[in-house]
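Take the sequence shown: its position 19, counting from 1, is numbered 18 in numbering that gives the first Met the number 0, and each next residue is one higher.
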Amino acid sequence: MFQAGGQGTRPTFLIMEAAQQLPASPRATLTYSISVNASFFESLYGLRRRAVKIKAMRNDESMMLD
């Protein structure tokens, strides 16, 4: 039925199962990204944005991060 070792010409059961689930994962990630206004990779890797306070110095054009 299926090969446990994967040395043959046919794909293993695990490869077939992973191939069936792969298209759903990027589609779900992209749908979530659009709904929360996040980038694709933020959703794919579970990253979250944090607010950063930025103070601009008057004498210098550089910015300081808090």
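Positions of the beta carbon are idealized from the N, C-alpha and C atoms, including for glycine.
These numbers were taken from a predicted model, which means no experiment stands behind them.
Ends of the beta strand (DSSP E) at K52? Unbroken run through K52: none, as it is neither H nor E.
Of the residues L13, E16, F40 and V51, which one's Cα is nearest the Cα of R26? F40
Reduced DSSP category for P10 - H, G, I as helix; E, B as strand; rest coil: coil
What separation, rounded to the nearest whole angstrom, lies between the Cα atoms of V51 and R9? 52 Å
Cα separation between K54 and S24? 40 Å
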